[in-house]
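Down below is the structure, laid out as structure tokens.
Number of protein chains: 2
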Amino acid sequence: MLVGKQSWVFESKPIIRSTGIIGGPFEANGRLADEFDILHDNLWMGQGSYEKAQTVLIEQACEKAIEKGGLTKDQIQFMLSGDLVNQLTPSTFAGRSLKIPYLGLFGACSTSMEGLAMAAYLVQTRGAKHAVAVASSHNAATEKQFRYPTEYGGQKPPTAQWTVTAAGAAVVSHEGNGPRVTSATIGRIIDMGLSDPFNMGGAMAPAAVDTLEAHFRDTGASPEDYDLIVSGDLGEIGLAIAKELCEQRGIVLKENQFKDCGLMIYKEDQPVLAGASGPGCSAVVTYGHLLNKMKKGELKRILVIATGALLSPLSFQQKESIPCIAHAVSIEAEGVTS
Amino acid sequence: MLVGKQSWVFESKPIIRSTGIIGGPFEANGRLADEFDILHDNLWMGQGSYEKAQTVLIEQACEKAIEKGGLTKDQIQFMLSGDLVNQLTPSTFAGRSLKIPYLGLFGACSTSMEGLAMAAYLVQTRGAKHAVAVASSHNAATEKQFRYPTEYGGQKPPTAQWTVTAAGAAVVSHEGNGPRVTSATIGRIIDMGLSDPFNMGGAMAPAAVDTLEAHFRDTGASPEDYDLIVSGDLGEIGLAIAKELCEQRGIVLKENQFKDCGLMIYKEDQPVLAGASGPGCSAVVTYGHLLNKMKKGELKRILVIATGALLSPLSFQQKESIPCIAHAVSIEAEGVTS
Chain A
1 MLVGKQSWVF ESKPIIRSTG IIGGPFEANG RLADEFDILH DNLWMGQGSY EKAQTVLIEQ
61 ACEKAIEKGG LTKDQIQFML SGDLVNQLTP STFAGRSLKI PYLGLFGACS TSMEGLAMAA
121 YLVQTRGAKH AVAVASSHNA ATEKQFRYPT EYGGQKPPTA QWTVTAAGAA VVSHEGNGPR
181 VTSATIGRII DMGLSDPFNM GGAMAPAAVD TLEAHFRDTG ASPEDYDLIV SGDLGEIGLA
241 IAKELCEQRG IVLKENQFKD CGLMIYKEDQ PVLAGASGPG CSAVVTYGHL LNKMKKGELK
301 RILVIATGAL LSPLSFQQKE SIPCIAHAVS IEAEGVTS
Chain B
339 MLVGKQSWVF ESKPIIRSTG IIGGPFEANG RLADEFDILH DNLWMGQGSY EKAQTVLIEQ
399 ACEKAIEKGG LTKDQIQFML SGDLVNQLTP STFAGRSLKI PYLGLFGACS TSMEGLAMAA
459 YLVQTRGAKH AVAVASSHNA ATEKQFRYPT EYGGQKPPTA QWTVTAAGAA VVSHEGNGPR
519 VTSATIGRII DMGLSDPFNM GGAMAPAAVD TLEAHFRDTG ASPEDYDLIV SGDLGEIGLA
579 IAKELCEQRG IVLKENQFKD CGLMIYKEDQ PVLAGASGPG CSAVVTYGHL LNKMKKGELK
639 RILVIATGAL LSPLSFQQKE SIPCIAHAVS IEAEGVTS
């Protein structure tokens, strides 16, 4: 299982049996709208607060994934969930209504792949027959907590990113059909001293490349093993830095081989500055768009590196720089022999 | 590995090879002072904020545990850490300096056993040779975030609990000597509608008993298999309720068989109202006091049920009740055959 210092190879290749992809109004106008199961036409989702709206996203993502997998909630051993809200409030309240034994995770935007890695691990090692990994974010809940209430209309620099309103859930199973999880690399926390919360992509890029290097070193894989390497949400600036760092460290990537989930979800004309972010971003792009491409045969093997900026409003106020992390998970299309 | 619906049995019995137990001034005056590795004489630990002080607690707990285990940080594959501060700020910053691949967990005060369960799971299944699980809390950081700055001197009802200033770390290994982790039960989120954040023990008791029932049902163990069943931090009121619930559900416990970490750490005359709480509470009582008793032969098999109140200041303001969870881990003394 453990290979090298910080990676796992999943010999039995746990199956992503089904997924649930739920989004908000901004996502409904985005490039990947067709790949969502449910799209809400406003940010409230019938609730009295944005955090409760996010709970609805998580509940629907899990319910949809479980239903599409032909399973019932009772058959799922564990729910692995995390989000950006203090004390994971939306995840907790979704866990309360779903009643599935619950493991709370926090890795900021990297939570999506922390959850998928752990769910695949549990299934690989017979600790679960079925586990659901879910990651989510809500634009207004995040703005309110980390920045200003959106009603203030505060301006942002072009390096800032737009938090996605979405939840993506994946049911990982020991049986069924679907793309397969083949390995995972758990990242270290890297902090290069950047402290601007409006340039998180720049701060996160070194963590992404550190995990990428560790992944290749530990698993013996090389860039050509993947049709696509996709970061969680580095955005335009972070992705450019990450590409430069790869070059410096001798990781040779083909043109268009390294992309970013944060640059895929919205259209060119949506005002998202440097790109999208949030745990929900990499979750819905991976579980929706990328897995659909795998099912259509357009992608055979991908590596998803979800990045997380582990800052808090408090660490920023205390003039700390931004510690960052990235977790990588490799997925291969069904029927691809390794 | 998976037994029943939500439990794991660890056949190879991963070893708690070493521990690090760090506390603050209130703990230095407590009943278990002798069982700490380091005790600080003030709440600041040489730092400029309580959150940074908590980072020091975590760093020292991990370093001490790793050193006592005769290992170096490089030999530890994964650090599993969580705390009560928003975005796990103290854990994150400790992860940054320790440079060990990092998995962030959040289960409020149940984080201690969420971490130990996951670390033992990873070692059992050869996903790690050595993993360090650490849980922590800091009284003043918690008061400031969840309640009022301590300088206000706000009064509390007798049902309230006192958050422990401490970090407890355990190095779980595939080899070495020490008590062994034999099974774990991951809890569901239970909410009985209580909403008083000054009576969290009462809110958490049903979750503790739900997990206890699940543990016995899944593993086939019965109360007489354990010399001691110890809850994380139910406090006086929560423990009384939990005992009553056990009786109602036909779980027959001997006199003094069911205790609470929150009632062990301080002396009778310390003003802690209904008892102690915080992820650091169950971590230091278990990794210090209880494992020491196992090493001395006074306890053979114990079950630790760490309870967590998954509320947030925001969920309280939004008039929500308190969702609670509990995770149970069973530990047996070295050389005890099962």
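As given, the protein sequences belong to chains A and B, one line each in that order. Going by the working numbering, the first sequence opens with residue 1, and the numbers climb by one from there. Going by the working numbering, the second sequence opens with residue 339, and the numbers climb by one from there. Glycine included, every Cβ here is placed at the ideal spot set by N, Cα and C.
| Item | Value |
| --- | --- |
| Distance between H378/B and L122/A (C-alpha atoms, nearest Å) | 39 Å |
| Per-residue DSSP class, three states only, for T150/A | helix |
| With 16 other Cβ atoms within 10 Å as the buried cut-off, status of S222/A | exposed |
| Contact between the region 106-117 of chain A and the region 182-196 of chain A (3+ Cβ pairs under 8 Å) | yes |
| Min CB distance I524/B to chain A below 7 Å | yes |
| Endpoints, alpha helix (DSSP H) assigned at K68/A | 50-68 |
| Uninterrupted alpha helix (DSSP H) stretches inside the region 616-667 of chain B (no shorter than 4 residues) | 617-622, 629-633, 651-655 |
| C-beta atoms of Q155/A and G275/A nearer than 7 Å | no |
| Where K482/B falls, given that 16 or more other Cβ within 10 Å makes a residue buried | buried |
| Range of the contiguous alpha helix (DSSP H) that encloses R180/A | Premise fails: R180/A lies in the beta strand (DSSP E), 180-185, not in any alpha helix (DSSP H). |
| Host beta strand (DSSP E) of V470/B (start-end) | 468-475 |
| Residues of the region 425-447 of chain B whose Cβ lies closer than 8 Å to any Cβ of chain A, in chain order | Q425, L426, T427, T430, F431, G433, R434, K437, I438, P439, Y440, L441, G442, L443, F444, G445, A446 |
| Closer than 7 Å to chain A by CB, W346/B | yes |
| K68/A versus Q248/A - alpha carbon distance | 44 Å |
| The ligand ADP heavy atom lying under 6 Å from the CB of P617/B | In the structure shown, the ligand ADP is absent, as is every other ligand, since no ligand is present at all. |
| Cβ-based burial, K657/B [other Cβ within 10 Å; buried from 16] | exposed |
| Three or more C-beta pairs below 8 Å linking the region 310-329 of chain A and the region 63-80 of chain A | no |
| Interface residues of chain A facing F416/B [CB-CB closer than 7 Å] | I186 |
| Contact the region 326-336 of chain A vs the region 463-473 of chain B: 3+ CB pairs below 8 Å | no |
| C-beta atoms of A205/A and A242/A nearer than 7 Å | yes |
| Contact under 7 Å by Cβ, V519/B with P363/B | no |
| Of the listed residues Q462/B, V502/B, L418/B, L443/B, nearest to A371/B (C-alpha basis) | V502/B |
| Within chain B, the residues that D191/A reaches when beta carbons sit closer than 7 Å | R434 |
| Minimum Cβ-Cβ distance from L212/A to chain B less than 7 Å | no |
| Span of the beta strand (DSSP E) around F258/A | 258-260 |
| Runs of alpha helix (DSSP H) lying entirely within the region 191-229 of chain A, each at least 4 residues, in chain order | 200-219 |
| Classification of P271/A by the beta-carbon crowding that lies within 10 angstroms, buried from 16 upward | exposed |
| Closest by C-alpha distance to G514/B, when choosing among M339/B, G673/B, S345/B | G673/B |
| L340/B at chain A interface by Cβ criterion, 7 Å | yes |
| F78/A, DSSP secondary structure in three states | strand |
| Closest residue to E332/A among Y50/A, D225/A, A108/A, Q317/A (Cα-Cα distance) | D225/A |
| Where Y604/B sits in the DSSP three-state scheme | coil |
| Segment limits, beta strand (DSSP E) that includes R355/B | 353-361 |
| Residue interval of the beta strand (DSSP E) (run including L103/A) | 102-104 |
| A242/A, enclosing alpha helix (DSSP H) - first and last residue | 235-248 |
| Any chain A beta carbon closer than 7 Å to L454/B | no |
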